[in-house]
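These notes concern the structure reproduced below.
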Amino acid sequence: MKLCFIGNRGHNGYVLDGLKLLDDIEVVGITRSKNPDETKYLEEVVSDLKHSPSIYDDFEKMLEECQPDIVSVCGPLEDHAKHCIACIKRDIHVISEKTIALTINELNEIKETYQRHPVKLIAMMGLRFSSEFYTAKKLILKNKIGSIRLLNSQKSYRLGTRAEHFKQRNSSGGTIPWVGSHAIDLVYWLSGQEFKSVSAIHTTKENKSCKEMEMTALCQFSMTEDVFASVTMDYLRPQNANTHGDDRIRIMGTDGALEARDGKLFLINSEQNGESEIQLEHPPQMFCDFVASIKGENDQPVINTMDTFKVTEASLIARDAADEHIIKYID
Numbered sequence: 046m047k048l049c050f051i052g053n054r055g056h057n058g059y060v061l062d063g064l065k066l067l068d069d070i071e072v073v074g075i076t077r078s079k080n081p082d083e084t085k086y087l088e089e090v091v092s093d094l095k096h097s098p099s100i101y102d103d104f105e106k107m108l109e110e111c112q113p114d115i116v117s118v119c120g121p122l123e124d125h126a127k128h129c130i131a132c133i134k135r136d137i138h139v140i141s142e143k144t145i146a147l148t149i150n151e152l153n154e155i156k157e158t159y160q161r162h163p164v165k166l167i168a169m170m171g172l173r174f175s176s177e178f179y180t181a182k183k184l185i186l187k188n189k190i191g192s193i194r195l196l197n198s199q200k201s202y203r204l205g206t207r208a209e210h211f212k213q214r215n216s217s218g219g220t221i222p223w224v225g226s227h228a229i230d231l232v233y234w235l236s237g238q239e240f241k242s243v244s245a246i247h248t249t250k251e252n253k254s255c256k257e258m259e260m261t262a263l264c265q266f267s268m269t270e271d272v273f274a275s276v277t278m279d280y281l282r283p284q285n286a287n288t289h290g291d292d293r294i295r296i297m298g299t300d301g302a303l304e305a306r307d308g309k310l311f312l313i314n315s316e317q318n319g320e321s322e323i324q325l326e327h328p329p330q331m332f333c334d335f336v337a338s339i340k341g342e343n344d345q346p347v348i349n350t351m352d353t354f355k356v357t358e359a360s361l362i363a364r365d366a367a368d369e370h371i372i373k374y375i376d
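Numbering (my numbering), first residue to last: 46 to 376.
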């Protein structure tokens, strides 16, 4: 199978890590970013893996000449929808940095194109492939905490030095979709429910001169079966913290509770008191899982196209709800 890359922002590492494990994928093309330094590292890694891709400045020319089976979309966030649509129209499978669109109109255009060209399309929702969250999903499916009623999810980052495109809404989409989509994805995936409505708030206060970038945000979702979920995100993690991010979730069920934090998982139910760590299962590698689904070798991938659409929609509507200070309903 032939693979191309568009840009190198975000989490191309998921694809590169999978590439090291697959011997039937050939990298045939790379479209450089406007800033060549962004893709220099990508070109070097691909070369080290013994691939010899053609290098392009025009992504459409690359798609026409290389005719790839799969494209990794990691260009500017504001171009994700354009890049995804161009690939889907050519019946090319897409693994994209999230979110795949920055507006509901863009997302609807992707969906309409997908209806005519039903390829595989996923966003890089990496928390599903972290052992503690992956194991939590397995325990939920085994009914270890009964019926889920409430979820609280957190995504916290160090601020560090942010690139200029994160400081503008039109080139980042906002903190809720960029950072919060990971936590929103967790509550969607782990609850097994659909989103019904959302209220949200966000603010640029204390953002260290990062212009339009929201420093803190909170979303409250109502889901099917009267399940409720809260999601918080921030750039307030202290610089001397031992990790860049602090990702966690608390899941309350009728027969127990799960809490994932610090890369560990704890369970309280009739068999566990919550004091001992649960042994973690090993998730599949994201890109390998995606390729297996394309080949028809895996009909239950960890994330699929419908998941990607649902979580993208919820993230964008949550941001809009925060902007407009209203409750928004999700179809």
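The beta-carbon is built from N, C-alpha and C at its ideal position, and this holds for glycine as well.
Output the boundary residues of the alpha helix (DSSP H) element that contains Leu-195.
Position 150 of the sequence shown, counted from the start, is the residue given in the question as residue 195. Per DSSP, Leu-195 belongs to no alpha helix (DSSP H); it is in the beta strand (DSSP E), 193-203.
Could you give the uninterrupted runs of the alpha helix (DSSP H) lying entirely in the segment 127-208, keeping only those of 4 residues or more?
Every alpha helix (DSSP H) stretch that sits fully inside the segment 127-208 and reaches 4 residues is listed by chain position as 149-161 and 176-186.
Around the C-beta of Lys-189, are 16 or more other C-beta atoms found within 10 angstroms, so that it is buried, or is it exposed?
Here residue 189 refers to the residue found at position 144 when the sequence shown is read from its first residue. Buried, because 16 or more other Cβ atoms sit within 10 Å of the Cβ of Lys-189.
In angstroms, rounded to a whole number, what distance separates the CA positions of Gly-319 and Ile-70?
Walking along the sequence shown from the start, residue 319 turns up at place 274. Walking along the sequence shown from the start, residue 70 turns up at place 25. Rounded to whole angstroms, Gly-319 to Ile-70 spans 43 Å at the Cα level.
Assign Ala-286 to buried or exposed, taking buried as 16 or more other Cβ atoms, counted over all protein chains shown, within 10 Å of its Cβ.
The sequence position of residue 286 within the sequence shown is 241, counting from 1. Classification for Ala-286: exposed.
Taking the CB atoms as reference points, tell me whether Glu-8 and Thr-206 lie closer together than 8 Å.
The chain is shown from 46 up to 376; residue 8 falls before or after that span and cannot be answered.
Which residue wins for smallest C-alpha separation from Pro-346, given the options Ala-126, Asp-365 and Phe-332?
Here residue 346 refers to the residue found at position 301 when the sequence shown is read from its first residue. The shortest CA-to-CA distance from Pro-346 to any of Ala-126, Asp-365 and Phe-332 is the one to Phe-332.
Just how far apart, CA to CA, sit Leu-186 and Glu-109?
Here residue 186 corresponds to residue number 141 of the sequence shown, with the count starting at 1. Here residue 109 corresponds to residue number 64 of the sequence shown, with the count starting at 1. Going by the C-alpha atoms only, they are around 43 Å apart.
Could you tell me the alpha carbon to alpha carbon distance between Val-118 and Glu-316, rounded to whole angstroms?
Translated into positions along the sequence shown, residue 118 becomes position 73. Translated into positions along the sequence shown, residue 316 becomes position 271. Approximately 45 Å between the Cα atoms of the pair.
Hey, could you find the ends of the alpha helix (DSSP H) His-227 is sitting in?
Along the sequence shown, one-based indexing puts residue 227 at 182. Run containing His-227: 226-236, per the alpha helix (DSSP H) assignment.
Tell me which residues share the same chain as Tyr-280 and place their Cβ nearer than 6 Å to its Cβ, disregarding the 5 neighbours each side in the sequence.
Against the sequence shown, residue 280 aligns to sequence position 235. Excluding sequence neighbours, Tyr-280 sits near Tyr-202, Leu-204 and Met-260.
Considering just the uninterrupted stretch of the beta strand (DSSP E) at Asn-318, what are its terminal residues?
Position 273 of the sequence shown, counted from the first residue, corresponds to residue 318. It spans 318-322 - the beta strand (DSSP E) in which Asn-318 sits, taken as one unbroken run.
Whole angstroms is fine: what's the gap from Ile-137's alpha carbon to Asp-114's?
Along the sequence shown, one-based indexing puts residue 137 at 92. Along the sequence shown, one-based indexing puts residue 114 at 69. Cα-Cα distance, rounded: 5 Å.
Could you check what DSSP says for Cys-255 in three-state terms: helix, strand or coil?
For the purposes of this step, residue 255 is identified with residue 210 of the sequence shown, where counting begins at 1. Of the three classes helix, strand and coil, the one that applies to Cys-255 here is coil, per DSSP.
Whose C-alpha, out of Ile-155, Thr-249, Ser-176 and Phe-50, is nearest the C-alpha of Ser-97?
Counted from its first residue, the sequence shown places residue 97 at position 52. Ranking Ile-155, Thr-249, Ser-176 and Phe-50 by Cα distance to Ser-97 puts Phe-50 first.
Enumerate in chain order the residues of its own chain whose CB-to-CB distance from Cys-132 is below 6 Å, with the five nearest sequence positions on each side excluded.
By one-based count along the sequence shown, residue 132 stands at place 87. Only Val-116 and Val-139 meet the Cβ criterion.
Flag this pair as touching only if the segment 209-217 and the segment 293-306 have three or more C-beta atom pairs under 8 Å; answer yes or no.
Contact between the segment 209-217 and the segment 293-306 is not established, with fewer than three Cβ pairs separated by less than 8 Å.
Out of His-247, Arg-214 and Ile-348, point me to the one whose CA is closest to Glu-257's CA.
Taking the sequence shown and counting its residues from 1, one reaches residue 257 at position 212. The shortest CA-to-CA distance from Glu-257 to any of His-247, Arg-214 and Ile-348 is the one to Arg-214.
Quick one: what's His-247 bridged to in DSSP?
If you number the sequence shown from 1, residue 247 lands on position 202. For His-247, which the question treats as bridged, DSSP gives the partners Ala-262.
So, at 8 Å on beta carbons, what are the nonlocal neighbours of Ala-359 in its own chain, with the 5 sequence-adjacent residues on each side left out?
Working through the sequence shown from its first residue, we reach residue 359 at position 314. Result list for Ala-359: Ile-229, Tyr-233, Phe-240, Val-243, Phe-266 and Ile-375, in chain order.
So the candidates are Met-107, Thr-180 and Leu-48; which of them puts its Cα closest to the Cα of Ala-305?
Position 260 of the sequence shown, counted from the first residue, corresponds to residue 305. For Ala-305, the nearest C-alpha among the options comes from Thr-180.
Residues in its own chain within less than 7 Å of Thr-353 by CB, not counting five upstream and five downstream?
Stepping through the sequence shown from its first residue, residue 353 is reached at position 308. Taken in chain order, the residues that qualify are Ile-145, Leu-166, Ile-167 and Ala-168.
Between which two residues does the alpha helix (DSSP H) carrying Arg-364 extend?
Here residue 364 refers to the residue found at position 319 when the sequence shown is read from its first residue. 350-369 is the span of the alpha helix (DSSP H), which, as asked, contains Arg-364.
Pull up the distance between the alpha-carbon of His-247 and that of Ser-92, whole angstroms please.
As a position in the sequence shown, residue 247 is number 202, starting the count at 1. As a position in the sequence shown, residue 92 is number 47, starting the count at 1. Whole-angstrom Cα-Cα distance: 42 Å.
Roughly how many angstroms lie between the CA atoms of Lys-143 and Gly-58, to the nearest whole one?
In the sequence shown, residue 143 corresponds to position 98, counting from 1. In the sequence shown, residue 58 corresponds to position 13, counting from 1. Going from the Cα of Lys-143 to the Cα of Gly-58 covers about 14 Å.
Can you tell me the Cα-Cα spacing of Met-107 and Asp-334, whole angstroms?
Within the sequence shown, residue 107 is the residue found at index 62, counting from 1. Within the sequence shown, residue 334 is the residue found at index 289, counting from 1. For Met-107 and Asp-334, the distance between alpha carbons rounds to 25 Å.
Excluding the five sequence neighbours on either side, which residues of its own chain have a C-beta within less than 8 Å of the C-beta of Lys-156, listed in chain order?
As a working mapping, residue 156 is identified with position 111 in the sequence shown. These residues qualify, in order along the chain: Phe-354.
Between which residues of its own chain and Asn-252 is the CB-CB distance below 6 Å, once the five residues before and five after are set aside?
Counting from one through the sequence shown, the residue named residue 252 turns up at place 207. Here the set comprises Met-258 and Met-260.
For Met-278, does the count of other Cβ atoms within 10 angstroms reach 16, so buried, or fall short, so exposed?
Sequence index remark: in the sequence shown, residue 278 carries index 233 (1-based). Buried: at least 16 other Cβ atoms inside 10 Å.
Does DSSP put Ser-117 in a helix, a strand or coil?
Numbered from 1 along the sequence shown, position 72 holds the residue referred to as residue 117. Note: Ser-117 maps to strand in three-state DSSP.
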